[in-house]
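Data block below; observations after.
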Amino acid sequence: MNARDTILARIREALRVPAPLPHLKSRNAQAAAVPAAAGGHAGLTVLPLDVATPWLPDGGDSPAEQLQLLTENLEKLRATVVQVADAQAAAEYVARLAHDRGWGRVAYHDHSLVGPLAAALPCETYRVDAPACDKRALESCDAGITTCEALISQTGSLLVSSATGGGRGLSILPHVHVVVATLDQIVPTLGDALHQAKERHAGRLPSMLSFITGPSRTGDIERILVLGAHGPKELFVILVG
Amino acid sequence: MIAHPSDLPRLAKKKFLHDAAEHVRDTSHRSFVRKALGGYYTSRDTQKARFRDWEQARDAASLAKWSAVNRLDELLPRFVANFEANGGQVHWARTAEEARDIVLNLLRAAKAKAVIKSKCMTSEEIHLNAAMEEDGYGVVESDLGEFIQQLRGEPPYHFVFPCMHVRRDEISDLFQKNLGTAPTDSPEELTMIARRHMRQLYVDADVGITGANFLVAETGQISITENEGNARLTAALPRVHIAISGIEKVVEHLDDLAVLLPMLATAGAGQPMTCYNTLYAGPRKDGECDGPEEMHLVLLDNQRTAILADPEQRDSLHCIRCGACLNVCPIFKNVGGFTYGTTYQGPIGSVITPHLRGLADWNHLSGASSLCGACTDACPVRIDIHHHLLHNRRNAARTAPSRWERLGHKLFVMVARRPWLFATGGAVFRKTLGLVKAVRPPLVRNWLATRDLPAAPEKSFRAEWRSRKDDILHERS
Ligand code: SF4
């Protein structure tokens, strides 16, 4: 037997004796689990996410609450959040940033939110998806501008994808990551963001979907927090609308 | 190549006892580790409080893992089919050796010149780096902690915080010696040294090796959790991406991650979410501007099916490797990570290592516990960790009972069944306790080395009770 068949046979054999349920504390969890267990392993289901969601951190009910939570969470993570009135103001903000920081080259990808920002920059730009990204060129960029699929108020995370966010490298290799998004992209929970992504890319998932929660960080030296371990040292989130 | 403790199984227990005794005496090491963990407790509690109901969330997390592990026969093939449909290639490995061979063959096929690696405990488990070096492949660990450990020629001290035992001045010296950098005592500057050193290596590497935290059956994606961005870079820039994962990492739904990801981060490191949680669905797709041309996944058994076959301890496969049980364990904090001599340290390592490497040689880890249950309380997926240590002790006693223990129990039963003998025995004991303290016979010498015997009471409890019972009962009424 080859390795695959051996392993699968061992698994089938091992599972012939059922395991007891974990010691569940909650009635809701027990109610969901017990009939499932009684139905034998084939009928076993997990708790649907909407049962568990009220136990997880709050994502806020109204859009205003969600915006506030998102901003608070991002700031705790030491990201910079700016809310601007329109695309023009966003472009001005990024142009000023580029000027103040003395950026020589900024990478971006083709997108209706991102393009105008790149066009207004006072420095060199590099478009990563025209049509393929040269990693050495990308490495030489000071910052990368992308859009995202969703912003999650529950945790202060962004969801970026290789399909709509300029591939894999743009949001991780440059020293600064600038994300531009619209207010209606805010969703309350991680689950909402995942559902949305699954629907949007039904049948053809992007090769990468990444939750980004603050600038890159490490605590490996004496458990002391340092930003910018390998990924971006700084994360700017520009909310338009 | 340093000899790994697993190559010297008979010595494992001796080494454990020796190293534990040594570490326990090293108070500066102990206080350093405690201090390093101090901030963790605060941030973990802060993040836990953001959950509206942490205990019920643990239920949800444990059910998600329970239901996946107990349906592995159905979900693993489903995952594999979907992963392959996404364009990934799957390789099955029964043993560590098979897994190493698979990776080495992939490196050969890729004509790899430079390999970059992000943190992957499964690769530690199969001793991949040593095998790669033997075959002439240089490999760089990109996770800062792993990089430091690689330069030090040491395995990770803690499977989430690999170099938490190393002081910044030691790291500065290490970088000075190996990278020729100027000395500094700033963690920030040290981190930047590693950052600068690594950047070109990501760009130049032609193969990237990562681990995997979850395999999502429903979509065929693998999920990788990290803080530094090194795994993202490792899976973005090289031409070939190889991921290595245990077969137990499967979850059924993408939804399960909405529960498991924040819990992993909060329990293990006191974060709302780990900085990067990334789902990969195969190599670069048409229309994407970068990403690897090939994506391989090595699925490793290496005795996991033996744990699966034990319904009592099957839940130890629910482990999401958050490290919380290590952070709260009084034994871990006192004996330190290296003393275990295992890939997975701490309470969960003590539970699974006897399965992975043999109960006969590793049962001593079942005693590396105060049975306080702090690990079980901390575990986000409700693994019954400290009871499993007891189960391992029982199983070991069943398969290879110790003659001395059996004799001891027999003697005790004989005495306990005969009140007169019990009373006489007690009297003899009370009289000779002082003598035991003075003589320190070999049987109790180790025990007495770090403890004091209490003073013997004058009378037995029963005698005491007889003389005072009337007063006590009177007072009560
Ligand atoms: S056993 Fe539980 S607490 Fe320990 S590492 Fe695994 S998931 Fe975390």
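Those sequence lines, one after another, are chains Y and X.
Once you know that position 41 of the first sequence is 41 in the working numbering, the rest is easy, because the numbers rise by one and skip nothing.
Counting from 1 along the second sequence, just add 241 to a position and that's the residue number in the working numbering.
Even glycine gets a Cβ: it sits at the ideal position worked out from N, Cα and C.
All figures in this text were calculated on a predicted structure; none of them were measured in a lab.
Does the beta-carbon of residue i have 16 or more other beta-carbons within 10 angstroms, so that it is buried, or is it exposed?
i                : result
Val654 (chain X) : exposed
Pro428 (chain X) : buried
Asp5 (chain Y)   : exposed
Gly649 (chain X) : exposed
Ile713 (chain X) : exposed
Cys570 (chain X) : buried
Leu15 (chain Y)  : buried
Gly102 (chain Y) : exposed
Pro682 (chain X) : exposed
Lys276 (chain X) : exposed
Arg335 (chain X) : buried
Ser161 (chain Y) : buried
Phe402 (chain X) : buried
Val17 (chain Y)  : exposed
Gly528 (chain X) : exposed
Ala19 (chain Y)  : buried
Asp711 (chain X) : exposed
Val448 (chain X) : buried
Gln333 (chain X) : For the record, residue 333 (chain X) in the displayed sequence is Trp; it is not Gln. Buried, by the Cβ-count rule.
His23 (chain Y)  : exposed
Glu72 (chain Y)  : exposed
Leu57 (chain Y)  : The amino acid occupying residue 57 (chain Y) in the given sequence is Pro; Leu does not appear at that position. Buried, because 16 or more other Cβ atoms sit within 10 Å of the Cβ of Pro57 (chain Y).
DSSP puts residue i in a beta bridge; with which residues?
i                : result
Ile238 (chain Y) : Y:Val82 and Y:Val180
Lys678 (chain X) : For Lys678 (chain X), which the question treats as bridged, DSSP gives no partner whatsoever.
Ser486 (chain X) : X:Leu540
Thr146 (chain Y) : Y:Val179
Tyr517 (chain X) : Y:Ile212 and X:Glu467
Ser157 (chain Y) : Y:Ile152
Thr125 (chain Y) : Y:Val106
Val380 (chain X) : X:Val356
Leu420 (chain X) : None; Leu420 (chain X) has no bridge partner.
How far does the beta strand (DSSP E) with residue i in it reach, from first residue to last?
i                : result
Trp333 (chain X) : Gln330 to Ala334
Gln462 (chain X) : Gln462 to Glu467
Lys358 (chain X) : Val356 to Lys358
Phe455 (chain X) : Phe455 to Val457
Ile448 (chain X) : With the sequence shown as reference, residue 448 (chain X) is identified as Val, and Ile is not the correct amino acid for it. Taken as a continuous stretch (DSSP letters only), the beta strand (DSSP E) holding Val448 (chain X) covers Val448 to Thr451.
To which residues of the same chain is residue i closer than 6 Å at the C-beta, ignoring the five residues directly before and after it?
i                : result
Ala697 (chain X) : Arg671 and Leu674
Leu600 (chain X) : Ala637
Val380 (chain X) : Val356, Lys358, Asn370 and Met373
His111 (chain Y) : Thr147
Glu467 (chain X) : Tyr517
Ala565 (chain X) : Ala508, Gly509 and Ala619
Gln544 (chain X) : His596 and Leu597
Ala244 (chain X) : With a pLDDT of only 43 at Ala244 (chain X), under the threshold of 50, the placement of this residue in the model should not be trusted, and no figure is reported.
Ala522 (chain X) : Asn327 and Gln462
In terms of residue numbering, what span does the alpha helix (DSSP H) encompassing residue i cover?
i                : result
Gly614 (chain X) : Looking at the DSSP string, Gly614 (chain X) is not in any alpha helix (DSSP H), and its letter there is neither H nor E.
Tyr108 (chain Y) : Here Tyr108 (chain Y) belongs to no alpha helix (DSSP H); instead the beta strand (DSSP E) covers Arg105 to Tyr108.
Gly280 (chain X) : Thr268 to Arg291
Asn2 (chain Y)   : Neither: Asn2 (chain Y) is in no alpha helix (DSSP H) and is coded neither H nor E.
Tyr585 (chain X) : Where Tyr585 (chain X) is concerned, there is no enclosing alpha helix (DSSP H), given that its DSSP letter is neither H nor E.
Glu493 (chain X) : No alpha helix (DSSP H) holds Glu493 (chain X); DSSP gives it neither H nor E.
Val444 (chain X) : Pro428 to Asp445
Thr189 (chain Y) : Note, Thr189 (chain Y): premise wrong, no alpha helix (DSSP H); not H, not E.
Assuming residue i and residue j are in contact, meaning their beta carbons sit under 8 Å apart, how far apart are those beta carbons, in whole angstroms?
i                : j                : result
Leu267 (chain Y) : Ala137 (chain Y) : Outside the shown range of chain Y (1 to 241) lies residue 267 (chain Y), about which nothing can therefore be said.
Pro318 (chain X) : Leu8 (chain Y)   : 7 Å
Leu205 (chain Y) : Gly156 (chain Y) : With 8 Å as the limit, Leu205 (chain Y) and Gly156 (chain Y) do not qualify as a contact, their Cβ atoms being about 24 Å apart.
Arg293 (chain X) : Trp55 (chain Y)  : 6 Å
Lys360 (chain X) : Gly452 (chain X) : 6 Å
Val331 (chain X) : Val321 (chain X) : 5 Å
Ala340 (chain X) : Ile367 (chain X) : 5 Å
Ala244 (chain Y) : Val180 (chain Y) : It is not possible to answer for residue 244 (chain Y), since the shown part of chain Y is limited to 1 through 241.
His230 (chain Y) : Glu469 (chain X) : 5 Å
Residues in its own chain within less than 7 Å of residue i by CB, not counting five upstream and five downstream?
i                : result
Ser140 (chain Y) : Arg105
Val51 (chain Y)  : Asn28 and Ala32
Asp376 (chain X) : Leu345
Ala477 (chain X) : Asp531 and Gly532
Ala435 (chain X) : Leu385 and Phe388
Gln66 (chain Y)  : Gly59, Gly60, Ser153, Ile186 and Pro188
Arg644 (chain X) : none
Counting only the same chain and skipping the five closest in sequence on each side, list residues whose C-beta sits under 8 Å from that of residue i.
i                : result
Tyr108 (chain Y) : Val114, Gly115, Leu117, Ala118, Thr125, Tyr126, Arg127, Val128, Gly144, Ile145, Thr146, Gly166 and Leu170
Leu49 (chain Y)  : Gly191
His628 (chain X) : Thr617
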